[in-house]
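Below is one structure, written out as structure tokens, with a few remarks after it.
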Amino acid sequence: MSNPTVTEAPEPASPDADVEVPPPGRVRPSTLVIGGLIVLVAGILLGWFVRPMTESGTTLDIPAADSVDVGFAQDMTVHHSQATEMAAVELANGTDARVRGVAYDILTSQQNQIGQMQGWLALWGRSPAPVDGYMRWMDHSDSGMAGMDHSGGHTDGTATDDDASAGSTTMPGMATPEQLAQLRAATGVDVDRIFLDLMMTHHQGGVAMMQQAQERAESPVVRRLAESMLQTQTSELDLMASLRSQLG
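Sequence positions in the sequence shown follow numbering that gives the first Met the number 0 and run 0 to 247.
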């Protein structure tokens with residue numbers, strides 16, 4: 000009887016051998032949804048446990064519906080929500096790993112911040128979203144607000160008392176539905192370019208809101224969150240401007 004043929008197992012590859020590593024793939028939409036929910040819930044829990052306090056350490060009285068604290072939390076939730084929407088498109092369709100990295104940071108950090116602000120609004124018994132227009136809580140006589148077109152540009156006029164009392168229908172830096180559709184329809188490096196253009200405008204538009212919350216909110220923890228947002232987004236703006244110039 001013939002001996003059976005024995006096939007030798009291949010030797011394991013040497014640690015020093017050249018191994019082709021596949022490039023990182025785009026993030027699946029389902030993964031983004033699950034990850035975003037986890038980050039959002041973590042932020043809500045943080046908002047519940049890190050409750051807004053006064054400087055003396057006592058629990059802050061429930062802010063009025065038209066207070067800076069409530070208005071900032073409501074408006075910035077809406078502002079952040081669009082940023083995370085655009086970041087998700089970049090993560091799913093973008094081609095540049097560096098730009099996708101920026102999008103990932105924006106998506107995770109701002110989802111967490113949305114959770115914190117929604118946690119505070121729930122504790123205060125306030126609506127999770129504005130009910131009478133945006134930016135009613137802001138001091139529109141501030142020099143940074145004068146002449147601001149709430150879609151992100153500037154006009155020749157200045158904000159009036161009527162504008163401030165009635166509330167605005169949009170906020171600075173927000174992308175239009177047409178711009179969002181253009182981002183979703185883009186392919187190749189155009190996704191990265193359009194995302195950077197829209198996100199830089201978006202970040203710039205939120206600066207005045209963060210500055211006023213940092214200066215005028217009653218609760219120190221709300222002021223600290225606004226300050227943290229301002230520092231982070233200023234750094235992200237510098238990085239995005241550099242990446243945008245490299246993409247041509």
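The beta carbon of each residue, even a glycine, is placed where N, CA and C say it ideally should be.
Query - Same chain only: Cβ atoms within 7 Å of Ser108, ignoring 5 sequence neighbours per side - result: Closer than 7 Å at the Cβ level, and outside the excluded window around Ser108, lie Thr231.
Requested in this report: Would you mind listing the alpha helix (DSSP H) stretches within the stretch 163-239 that are 4+ residues and don't spill past its ends, in chain order?
Outcome: For the stretch 163-239, whole alpha helix (DSSP H) runs of length 4 or above, ordered along the chain, are 176-184, 188-204 and 206-215.
Query raised in the report: In this structure, what does DSSP give as the bridge partners for Tyr103?
Result: Answer by DSSP bridge pairing: none, since Tyr103 is not bridged.
Query - contact_flag[the stretch 172-190, the stretch 75-95] where n(CB pairs < 8 Å) is 3 or more - result: As far as the Cβ criterion goes, the stretch 172-190 touches the stretch 75-95, which means the pair count is three or higher.
Query raised in the report: Alpha carbon to alpha carbon, what distance is there between Trp123 and Ala163?
Result: In this prediction, Ala163 has a pLDDT of 41, which is less than 50 and means its spatial position is unreliable; nothing more can be read from the coordinates.
Query raised in the report: Apart from the five residues on each side of it in sequence, which residues of its chain come closer than 7 Å, Cβ to Cβ, to Ser80?
Result: Contacts found: Ile113.
Report task. Starting from Thr94, trace the alpha helix (DSSP H) both ways and give me its first and last residue. Result -> First-last for Thr94: undefined, no H or E at that position.
**Report entry** Short Cβ contact (8 Å threshold) for Ala82 with Ile61
**Finding:** No, Cβ-Cβ distance for Ala82 and Ile61 is not below 8 Å.
Query - 8 Å Cβ shell around Leu229 - same chain, five flanking residues per side excluded - result: Closer than 8 Å at Cβ, skipping near neighbours: Val206, Met209, Gln210 and Gln213.
Query raised in the report: Which residues in the same chain have their Cβ closer than 7 Å to the Cβ of Ser227, if we skip the five residues on either side of it in sequence?
Result: Taken in chain order, the list of residues that qualify is empty.
Query raised in the report: Mind checking Pro171: buried by the 16 CB within 10 Å criterion, or exposed?
Result: With 16 or more neighbouring CB atoms inside 10 Å of its own CB, Pro171 falls in the buried class.
Query raised in the report: In chain order, what residues of the same chain have a beta carbon less than 6 Å from the beta carbon of Ala72, not counting five sequence neighbours either side?
Result: Excluding residues within five positions, the ones whose Cβ falls inside 6 Å are Met116, Trp119 and Leu120.
Query raised in the report: Taking DSSP as the reference, what is the three-state secondary structure of Ser241?
Result: Of the three classes helix, strand and coil, the one that applies to Ser241 here is helix, per DSSP.
**Report entry** Nearest residue (CA-CA) to Glu89, options Pro129, Leu197 and Asn111
**Finding:** Looking at the Cα atoms, Leu197 is the closest of the given residues.
Query raised in the report: Going by other Cβ atoms of all chains shown within 10 Å of its Cβ, with 16 needed for buried, is Gln245 buried or exposed?
Result: Per the 10 Å Cβ criterion, exposed.
Query raised in the report: Between Arg183 and Thr175, what straight-line distance do the alpha-carbon atoms span, to the nearest angstrom?
Result: Straight-line Cα distance between these residues: approximately 13 Å.
Query raised in the report: When we look at the beta-carbon of Arg223 and count the other beta-carbons within 10 Å, is it buried (16 or more) or exposed?
Result: So Arg223 counts as exposed.
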